[in-house]
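Engineer: Note that the sequence shown covers residues 2 to 108 in the working numbering.
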Amino acid sequence: MPTPMSEPPSTPDSIHSDAFLARLMRDQLKLSIACALCFVVALVALPLLNYFQPEFMAQRVFGFTLTWLILGVLFFPFVWIISYVFIKRSIALEDAEAKAAQDGLIK
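#1: Could you check the C-alpha separation between Val45 and Phe79 for me, to the nearest Å?
#2: Pull the bridge partners of Val80 from the DSSP assignment, please.
#3: If you run the structure through DSSP and keep just helix, strand and coil, what is Phe65?
#4: Among Leu38, Cys36, Thr68 and Val62, which has the Cα closest to the Cα of Pro48?
#5: What's the gap between the Cα of Phe57 and the Cα of Val42?
#6: Would you check if the distance between the CB atom of Gln29 and the CB atom of Ser84 is smaller than 7 Å?
#7: Looking at Phe87 and Cys39, is the spacing between their C-beta atoms short of 7 Å?
#8: Using the Cβ count rule (16 or more neighbours within 10 Å means buried), how would you classify Ile71?
#9: Looking only at its chain, what residues have a beta carbon closer than 6 Å to the beta carbon of Val62, apart from the 5 residues adjacent to it on each side?
Here's what the structure looks like:
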């Protein structure tokens, strides 16, 4: 009688193990937190600068006050840059893990 197919035993470094998945998720969580902190710092910095440096933030640049230039023009590209960095680094993390698995570093 044929035996049912069983999964090979999973070692801590196995690509299909919980440890492998947890390591990849932990690395991606660190990346997510770093990107979120960068966004929050920028988000909080603008009102703080307006409160503590109103004269500086009221100066005109290209017809806008510095506050509106940052908020209305530069903030959206800044968010795109954060997103771009997150995606590139996340893909790099996954590629590094896949390459390690292909090279036999992870059984």
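The beta carbon of each residue, even a glycine, is placed where N, CA and C say it ideally should be.
Please read all numbers here as calculations on a predicted model, not as lab measurements.
Structural biologist: From the atom records:
#1: 14 Å
#2: Looking at the DSSP assignment, Val80 forms no beta bridge with any residue, so it has no partner.
#3: Here Phe65 sits in strand by DSSP.
#4: Comparing Cα-Cα distances from Pro48 to each of Leu38, Cys36, Thr68 and Val62, the minimum goes to Thr68.
#5: 19 Å
#6: no
#7: no
#8: buried
#9: Leu70
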